[in-house]
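16 is the number of the first residue of the sequence shown in my numbering; add one for each residue after it. Where is the CB? At the ideal position from N, CA and C, for every residue including glycine. The block underneath contains the structure these notes are about, expressed in C-alpha cells.
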Amino acid sequence: MKRIGIIAKPHKPEARAILTELLAWLEARGVEAILDEETAELAGTSGGQPKPDLPGLVDLLLVLGGDGTLLSVARLIGARDVPILGVNLGGLGFLTEVTLEELYPILDAVLQGSYEVTHRILLTATVHRQGERIAEYVALNDAVINKGVLARMIELETYIDGQYVTTFRADGLILSTPTGSTAYCLAAGGPIVYPTLRALVLTPICPHTLTLRPLVIPDAAKVEIVQGLTNENAYLTLDGQVGFTLRHRDVIRVVRSDHTITLLKAPGKDYFQILRTKLKWGER
C-alpha cells in the first residue's frame, strides 16, 4: 500500500481539516497520496487527478464521506481489484462503517498488511429498445424502475431466466443486491440480506395488489423487465445517482456483474453489530 487514493465528499465543512491532517500523516510514513480533482481543491493542493483515473493509479481507495460517496466510487472500479476503505462523515452509513476515530489505527494496520476484506457483488443493467442495446450501467446497491412525475402506477412485465413471473402494477420495482438490501429495498419493506449471500431481491414499490411481496432469487439469475404501459414514462435509476428515461416496451436486463468490489472491514466489528448500531436495535 504505497499509493493511496483519496476521494472526499464535496462541500463537507470538516473535510478540509481532516484532509490536511491525513495528508501529513501519510507523508510521514512515506505513502503517496493521490487525490481526485475535487478533493485536491478542497485540500488546497494541486495535481488532482480525474476521478475515473484514480482506481488505476493506486493500491487503495480511501473514501471520506457517506454511503453515497462510496457508491459513486464503486462504479468506477470496473475490473480493477482495488480495495476501498470507507470512512463515515455522514449519517447512517452501512457501507462507510469506519468512524473518523478508527481511521488512523486501521490505516496503521493496513500499512502493516494486517486487514480483512469483504467482497460484494455488483449489478449490470442494460436497456434494450427495439432489439438494440442503448444503455449499460453498473450498480452496487440497486437498479430501480420508478414511475414518472404523475401519480399513476406503471406495469412491469417481469421474467426470470426467461420464465414469466408476473406483471408488477406498482409505483416501481427495486432489484437489489444484498449490499443494497439495507437501502431503498429496506425502506420499501424488503428483507435485510446478509451482504455476502449470493442472492438478489425484487421488491415492488407500493404494489396495487398487497399479495405482491419481495422475492429473493439466486444471484446467477437473469432478470428481464418490460415497461408495459403505452402512455406512461418510467425511469431506471442506479444506486439513486444515475438515471435513464424509459419508453414503452423498453426491456431492462439485470444480471450479476462479472466483477466484484472489495471493501476493507473495520476490525472488531461484525455485521450484526453494525445493524444494531445503525438501526438502533434493542433501544427503547
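Chain B within 8 Å of Leu-253, Cβ atoms only: Within the model displayed, chain B is absent; a lone protein chain is all it includes.
Separation of Leu-69 from Val-46, as counted between CA atoms: Walking along the sequence shown from the start, residue 46 turns up at place 31. Walking along the sequence shown from the start, residue 69 turns up at place 54. Distance between the alpha carbons of Val-46 and Leu-69: 16 Å.
Under the three-state DSSP convention, the category Gly-146 falls into: For the purposes of this step, residue 146 is taken as residue 131 along the sequence shown, with counting starting at 1. Reduced to three states, the DSSP call for Gly-146 is coil.
Sequence-distant residues of the same chain with beta carbon closer than 6 Å to Pro-25, five excluded per side: Position 10 of the sequence shown, counting from 1, holds the residue named residue 25. Here the set comprises Glu-53.
Distance between Val-97 and Leu-75 (C-alpha atoms, nearest Å): Here the question's residue 75 lines up with position 60 in the sequence shown. Here the question's residue 97 lines up with position 82 in the sequence shown. Spanning the two alpha carbons is a distance of roughly 6 Å.
Helix, strand or coil at Tyr-130 [DSSP, three-state]: Along the sequence shown, read from residue 1 onward, the residue named residue 130 stands at position 115. Here Tyr-130 sits in coil by DSSP.
N- and C-terminal bounds of the beta strand (DSSP E) containing Ile-49: Your numbering for residue 49 matches position 34 in the sequence shown. Start and end: 47-50.
Top-ranked residue by Cα proximity to Arg-213, from Asp-51, Pro-206, Val-231: The residue you call residue 213 lines up with position 198 of the sequence shown. The shortest Cα separation from Arg-213 among Asp-51, Pro-206, Val-231 belongs to Val-231.
Val-266 versus Ala-23: straight-line alpha-carbon distance, rounded: One-based indexing of the sequence shown puts residue 266 at position 251. One-based indexing of the sequence shown puts residue 23 at position 8. Near 36 Å, if we compare the C-alpha coordinates of Ala-23 and Val-266.
Span separating the alpha-carbon of Leu-244 from that of Leu-85: Here residue 244 refers to the residue found at position 229 of the sequence shown. Here residue 85 refers to the residue found at position 70 of the sequence shown. C-alpha separation (whole angstroms): 35 Å.
Coarse secondary structure for Thr-54, derived from DSSP in three states: Locating residue 54 in the sequence shown gives position 39, counting from the first residue. In this structure, Thr-54 counts as helix in the three-state DSSP scheme.
Between the CA atoms of Thr-35 and Ala-55 - distance to the nearest angstrom: In the sequence shown, counting from the first residue as 1, residue 55 sits at position 40. In the sequence shown, counting from the first residue as 1, residue 35 sits at position 20. Their Cα atoms are separated by approximately 11 Å.
Cβ-based neighbour list, Lys-27, same chain, cut-off 6 Å, excluding 5 preceding and 5 following: Locating residue 27 in the sequence shown gives position 12, counting from the first residue. Only Leu-104 meet the Cβ criterion.
Beta-bridge pairing of Gln-64 - partner residues as DSSP gives them: Taking the sequence shown and counting its residues from 1, the one referred to as residue 64 is at position 49. Beta-bridge pairing links Gln-64 to Asp-51.
Thr-133 vs Lys-280 beta-carbon contact at 8 Å: By 1-based counting over the sequence shown, the position of residue 133 is 118. By 1-based counting over the sequence shown, the position of residue 280 is 265. Closer than 8 Å, so yes.
Between the CA atoms of Val-153 and Thr-252 - distance to the nearest angstrom: By one-based count along the sequence shown, residue 252 stands at place 237. By one-based count along the sequence shown, residue 153 stands at place 138. Each residue's Cα considered, the two are about 11 Å apart.
Coil, strand or helix - Asp-123 by DSSP: As a first step, residue 123 must be located in the sequence shown, where it is residue number 108. Asp-123: helix per DSSP, three-state reduction.
Gly-4 versus Gly-20: straight-line alpha-carbon distance, rounded: For the chain, the structure presents residues 16 to 299; residue 4 sits outside this window and is missing.
DSSP three-state assignment for Lys-293, whether helix, strand or coil: In the sequence shown, the residue the question calls residue 293 occupies position 278. Note: Lys-293 maps to helix in three-state DSSP.
Selection from Asp-254, Leu-91, Ile-276 that minimises the alpha carbon distance to Leu-190: Residue numbering aside, residue 190 sits at position 175 when the sequence shown is read from its first letter. That would be Asp-254, whose Cα lies nearest to the Cα of Leu-190.
Buried versus exposed call for Leu-115 [16 or more other C-beta atoms within 10 Å across all chains shown]: Along the sequence shown, one-based indexing puts residue 115 at 100. The residue in question, Leu-115, is exposed, as its Cβ has fewer than 16 Cβ neighbours within 10 Å.
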